[in-house]
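Engineer: I am attaching a structure below and will ask some questions about it afterwards.
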């Protein structure tokens, strides 16, 4: 879910774009399957972390109506909180030598 | 958009595994995704990943939707908590009662016997062709001939009841047991849980005395001592080495009498006393059929065998046949089986009526939610979605009710085991198992679907415009009314059937309890006396003991008469069958031996029991050891042997002896007790031959004491008198004869009581149902009624309007119900004693009763109707 939040953080994306973005950023390690992807999207929509954009963003790119998703303010703060939490963990891990790099 | 490739079309199809809502939202997206990926990565790798994805996420999404639906369902129920609670309670009672009854029927009747390959187990009876199809026990010599000659069985075994006096701790105790052949263990296929079974070596004369105990006795008497095999037990004064312990299931087979209240707990080897007569029928015989042999083939073989033996032993076997039945069937009297199934049907009917009520409730509720559904449909909800939601609501309700009901049923199982009369075998096999849980689940789901389907299908087809535009009045009035009226008809019909059933059973029970017995039971106490053979080794000693005892008891104040007999009517005891013949008839070859129950009685026994001596005399002081052998016959036996001729002076031959008939006594009931055709109040009196106890002292015997009517103090006095003469002798089964008679009617009494309870429940539920429907109808037609009254209609005509509607439907239901009741009553005709199943009085009275109930149920809404203020009604919307 965090990955999806990251994927729509900088720009609005549609489903396939999110999938590719996540795959690219994790170097192919995490490949979201359609079921997982849209299941998560559905739940994140219900929780208000993202919104669906009904109008075409890039009419020049597609001739079909795709659904684009955008991060909400709430979603942004949730992502930021999660990022902070991970950073704290990473710092602690670095301090005891569990992670590469020094604190 | 282009049609797409085959792969794409296939993917679209597979997407249907997801919930419809999900695919509505994301189906197009996912298909596009698929297209993109195939373009990017190639079909093969995409499909490989896809299959796993589908398997994982589709169920997850379905579950999420289900959870959402259930949450929504409970929120909706929360808006009408009283209705929900009423429905849950009604259903819980219905499901619980059904599960409870089913658990009894399943444990006792449906489950196969707990022995390997139990369908191969059979019981064999001897059959006197002249004795109206009565079955008798088997004589030892006949059994041995069968073992020698029969080819249809893997093994045969025989056993006979024994009373054992056990004096391990303090007071002597009587424990019921059985003398068995070692082959019993082979036939049943049961291995002892400790030690070894009986072997043929133990049966040999002179072998050391051994005993096998039931594990209930092991626990109670020996504290589950694992070293019990090294211990011994004193039975009737002789020390027996305990060689093994058998599981509880063994006990049922050891019941010496079908319907006996006690099952055997001690098993000793049967001593083969081949010096006895071939006409001495005392044993039960069971066998295991060979795998290739069918029951029919075995029956044929045994008939032929019996015919051959009739030729070979004409004196004892002529006209005697053999009958075989599956052990599972012979364990139960046919009426027990029918009764249990009838109860299961009756409780099922109660559940149906309850479901109809809940269905009506939900129909009314669905009607009032029409605007909600219309709105949701206008906003884009699919009808199927609405229908599914309604179904989820009803199923959630049903599941909660079902869970409550089944839980209560499970908790009540220990109580059930004690409530079921002891005369029904296998009651300790009533317990929880997967089948019972499955049954509970099944009827719960069936109920949920039943009363969910109709409102759901109605909601799905809601007509938008009228529903949104109009007021809360019922729109689809006609078709919904049809459903409701249909339910009223069904409820009334079912209730009618149950009431007829209960009424028939009640009448039958009353007749049963007033059947003439042939003797006078009030004031009679009986007990069984089983003297130790060691103490009274011969006839003279036994005779002396009996004389002393009778003399002592006669002197007790308020004792009017004392007697002895082989077994008291309706009380547990040995019922020995004998084959006898009229000496005068030997000349005519067509005359053959006939069977009768043998009772050895003391001189005063007829007086003690209150039996009339019809002709001749009872036994008296002139009948002693050494005087000419005499006999007294029952009226039925006299008529069978000599029709209208005088029985006095005739001579009977049995066991190679000649007896002169000196008297004829009244037939009595309660003397039977063989196999599955056991005696009871509903059995015709058996033919009985009475011999004098002075000439043939018996052991064990039944003591019969007549006193003033309700004297309870006599019981300890009897016990004291026996103890004074022989302190080592227990006095088991000391009880008023009335109590034994009542116990023999315990099972029909329970069946009737339960059927009555179910009928009352059905009536109440139906009344509530009719009230609900009519009341709702009045509510719907408030305006119409208001108009009528404003136009000057008399109040009576309004009442008549309401009543007419309700009673018409009820009458329809009653008519259908009477027809159904007639059909059902033919099925239970076997349960009814001395009455016809198609009793017009019963049917008529039931119809009236149901009409009355329906009338009352309609009256309340009718009264409400005439209270309607026309102005308010017309103004209301």
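Protein chains in written order, with our numbering: chain Z, 1 to 103; chain E, 1001 to 1877.
Yeah, the Cβ is synthetic: ideal placement off N, Cα and C, and Gly gets one too.
1. Just curious, the beta strand (DSSP E) that residue 1565 of chain E is in, first and last residue?
2. Pick helix, strand or coil for residue 1485 of chain E, following the three-state DSSP scheme.
3. Looking only at its chain, what residues have a beta carbon closer than 7 Å to the beta carbon of residue 1113 of chain E, apart from the 5 residues adjacent to it on each side?
4. Residues in the same chain with beta-carbon distance under 8 Å from residue 1828 of chain E, minus the five sequence neighbours each way, listed in chain order, please.
5. Is any beta-carbon of chain B found at less than 8 Å from that of residue 26 of chain Z?
6. Do the CB positions of residue 1528 of chain E and residue 1702 of chain E come within less than 8 Å of each other?
7. Pick helix, strand or coil for residue 1552 of chain E, following the three-state DSSP scheme.
8. With a 10 Å radius around its C-beta and 16 neighbouring C-beta atoms as the bar for buried, classify residue 1813 of chain E as buried or exposed.
9. Can you give me the C-alpha to C-alpha distance between residue 1426 of chain E and residue 1100 of chain E, rounded to a whole angstrom?
10. Helix, strand or coil: how does DSSP classify residue 72 of chain Z here?
11. Based on Cα-Cα distance, which residue from E:1429, E:1395, E:1616, E:1482 lies nearest to residue 1110 of chain E?
12. Would you say the segment 1641-1661 of chain E touches the segment 1715-1725 of chain E, given that touching needs at least three Cβ pairs under 8 Å?
13. With a threshold of 7 Å on Cβ separation, who are the neighbours of residue 1017 of chain E within its own chain once the five nearest residues in sequence on each side are excluded?
14. Counting only the same chain and skipping the five closest in sequence on each side, list residues whose C-beta sits under 6 Å from that of residue 63 of chain Z.
15. What residues in its chain sit with their C-beta under 7 Å from that of residue 1344 of chain E, if we drop five residues either side in the sequence?
16. Identify the continuous alpha helix (DSSP H) that holds residue 1418 of chain E and give its terminal residues.
17. Under 8 Å, Cβ to Cβ, is there at least one residue of chain Z near residue 1008 of chain E?
18. Would you mind working out which of E:1693, E:1846, E:1296 sits nearest residue 1543 of chain E, comparing C-alpha positions?
19. Taking residue 1598 of chain E as part of the beta strand (DSSP E), name the residues at either end of that continuous run.
20. Looking at residue 1629 of chain E and residue 1698 of chain E, is the spacing between their C-beta atoms short of 8 Å?
21. Residues in its own chain within less than 6 Å of residue 1042 of chain E by CB, not counting five upstream and five downstream?
22. Classify residue 1658 of chain E as helix, strand or coil using the three-state DSSP reduction.
23. How many angstroms separate the CA atom of residue 1798 of chain E from the CA atom of residue 1351 of chain E?
24. What residue range does the alpha helix (DSSP H) around residue 1616 of chain E cover?
25. With a threshold of 8 Å between beta-carbons, can residue 1053 of chain E be considered close to chain Z, or not?
26. Could one say the Cβ of residue 1476 of chain E lies closer than 8 Å to chain Z's Cβ atoms, at least one of them?
27. Comparing the C-beta of residue 1058 of chain E with each C-beta of chain Z, is any distance below 8 Å?
28. Mapping DSSP to helix, strand and coil, what is residue 89 of chain Z?
29. By the three-class DSSP mapping on this structure, what secondary structure does residue 1675 of chain E have?
30. Taking the Cβ atom as the reference point for each residue, do residue 70 of chain Z and residue 1032 of chain E lie within a distance shorter than 8 Å?
31. When the Cα atoms are used, what is the spatial distance from residue 1684 of chain E to residue 1750 of chain E?
32. Under the assumption that residue 1153 of chain E contacts residue 1335 of chain E (Cβ atoms under 8 Å), give the Cβ distance between them as a whole number of angstroms.
33. For residue 1775 of chain E, count the other beta carbons within 10 Å of its own beta carbon; 16 or more makes it buried, fewer makes it exposed. Which is it?
34. Quick one: residues in its chain with C-beta nearer than 7 Å to the C-beta of residue 1512 of chain E, no 5 flanking neighbours on either side, listed in chain order?
35. Hey, residue 1139 of chain E and residue 1279 of chain E: beta-carbon distance below 8 Å or not?
36. How many angstroms separate the CA atom of residue 1607 of chain E from the CA atom of residue 1305 of chain E?
Structural biologist: The relevant details are as follows:
1. By 1-based counting over the second chain, the position of residue 1565 of chain E is 565. In the DSSP assignment, residue 1565 of chain E falls within the beta strand (DSSP E) that extends over 1559-1565.
2. Taking the second chain and counting its residues from 1, one reaches residue 1485 of chain E at position 485. Residue 1485 of chain E: helix per DSSP, three-state reduction.
3. Reading the second chain from its first residue, position 113 is the one you call residue 1113 of chain E. The residues are 1121, 1327, 1328.
4. As a first step, residue 1828 of chain E must be located in the second chain, where it is residue number 828. For residue 1828 of chain E, where only same-chain residues beyond five positions count, the Cβ hits under 8 Å are 1338, 1342, 1501, 1504, 1505, 1837.
5. Given the protein chain composition of this structure (Z and E), no chain B is represented.
6. The sequence position of residue 1528 of chain E within the second chain is 528, counting from 1. The sequence position of residue 1702 of chain E within the second chain is 702, counting from 1. Cβ distance < 8 Å, so residue 1528 of chain E and residue 1702 of chain E count as in contact.
7. Reading the second chain from its first residue, position 552 is the one you call residue 1552 of chain E. Helix at residue 1552 of chain E.
8. Here residue 1813 of chain E refers to the residue found at position 813 when the second chain is read from its first residue. Per the 10 Å Cβ criterion, buried.
9. As a first step, residue 1426 of chain E must be located in the second chain, where it is residue number 426. As a first step, residue 1100 of chain E must be located in the second chain, where it is residue number 100. Cα-Cα distance, rounded: 16 Å.
10. Taking the first residue of the first chain as 1, we reach residue 72 of chain Z at position 72. Correct three-state label for residue 72 of chain Z: coil.
11. Taking the second chain and counting its residues from 1, the one referred to as residue 1110 of chain E is at position 110. Nearest option by C-alpha distance: E:1429.
12. no
13. Stepping through the second chain from its first residue, residue 1017 of chain E is reached at position 17. Around residue 1017 of chain E: 1054, 1058.
14. Stepping through the first chain from its first residue, residue 63 of chain Z is reached at position 63. Reliability of the predicted coordinates at residue 63 of chain Z is poor, the pLDDT of 48 falling under 50, and no value is obtained from them.
15. Taking the second chain and counting its residues from 1, one reaches residue 1344 of chain E at position 344. So the qualifying residues of the chain are 1101, 1102, 1105.
16. In the second chain, counting from the first residue as 1, residue 1418 of chain E sits at position 418. 1413-1419 is the extent of the alpha helix (DSSP H) around residue 1418 of chain E.
17. Here the question's residue 1008 of chain E lines up with position 8 in the second chain. By this cut-off, residue 1008 of chain E is not an interface position.
18. As a first step, residue 1543 of chain E is located in the second chain; it is residue number 543 there, counting from the start. Taking only the C-alpha atoms, the option nearest residue 1543 of chain E is E:1693.
19. Indexing the second chain from 1 puts residue 1598 of chain E at position 598. For residue 1598 of chain E, the enclosing beta strand (DSSP E) stretches over residues 1594-1601.
20. Against the second chain, residue 1698 of chain E aligns to sequence position 698. Against the second chain, residue 1629 of chain E aligns to sequence position 629. Going by C-beta atoms, residue 1698 of chain E is not nearer than 8 Å to residue 1629 of chain E.
21. If you number the second chain from 1, residue 1042 of chain E lands on position 42. Result list for residue 1042 of chain E: empty, nothing under 6 Å.
22. Locating residue 1658 of chain E in the second chain gives position 658, where the first residue counts as 1. Residue 1658 of chain E: strand per DSSP, three-state reduction.
23. Position 798 of the second chain, counted from the first residue, corresponds to residue 1798 of chain E. Position 351 of the second chain, counted from the first residue, corresponds to residue 1351 of chain E. Cα-Cα distance, rounded: 34 Å.
24. On the second chain, position 616 is the one that residue 1616 of chain E refers to. Taken as a continuous stretch (DSSP letters only), residue 1616 of chain E belongs to no alpha helix (DSSP H), being part of the beta strand (DSSP E) at 1613-1616.
25. Looking up residue 1053 of chain E in the second chain gives position 53. Yes, residue 1053 of chain E lies at the interface with chain Z (some Cβ there is under 8 Å from its Cβ).
26. Translated into positions along the second chain, residue 1476 of chain E becomes position 476. Since pLDDT at residue 1476 of chain E reaches only 39, below the 50 mark, its modelled position is unreliable, and the value read off the structure follows with that caveat. No, no contact with chain Z.
27. Numbered from 1 along the second chain, position 58 holds the residue referred to as residue 1058 of chain E. So yes, residue 1058 of chain E belongs to the interface.
28. Here residue 89 of chain Z corresponds to residue number 89 of the first chain, with the count starting at 1. If DSSP states are grouped into helix, strand and coil, residue 89 of chain Z belongs with the helices.
29. Counted from its first residue, the second chain places residue 1675 of chain E at position 675. Bear in mind that the predicted position of residue 1675 of chain E carries a pLDDT of just 42, short of 50, making it too unreliable to give a figure here.
30. Walking along the first chain from the start, residue 70 of chain Z turns up at place 70. Walking along the second chain from the start, residue 1032 of chain E turns up at place 32. Cβ atoms of residue 70 of chain Z and residue 1032 of chain E: not closer than 8 Å.
31. Residue mapping note: residue 1684 of chain E aligns to position 684 of the second chain, counting from 1. Residue mapping note: residue 1750 of chain E aligns to position 750 of the second chain, counting from 1. A straight-line Cα-Cα distance of about 22 Å links residue 1684 of chain E and residue 1750 of chain E.
32. Mapped onto the second chain, residue 1153 of chain E falls at position 153. Mapped onto the second chain, residue 1335 of chain E falls at position 335. About 29 Å separates the two Cβ atoms, so there is no contact after all.
33. For this step, residue 1775 of chain E is matched to residue 775 along the second chain. By the 10 Å Cβ count, residue 1775 of chain E comes out buried.
34. Within the second chain, the letter at position 512 stands for residue 1512 of chain E. Excluding residues within five positions, the ones whose Cβ falls inside 7 Å are 1681, 1682, 1745, 1748, 1833.
35. On the second chain, residue 1139 of chain E is found 139 positions in, with the first residue counted as 1. On the second chain, residue 1279 of chain E is found 279 positions in, with the first residue counted as 1. Yes, the Cβ-Cβ distance between residue 1139 of chain E and residue 1279 of chain E is below 8 Å.
36. Translated into the one-based positions of the second chain, residue 1607 of chain E becomes position 607. Translated into the one-based positions of the second chain, residue 1305 of chain E becomes position 305. About 44 Å.
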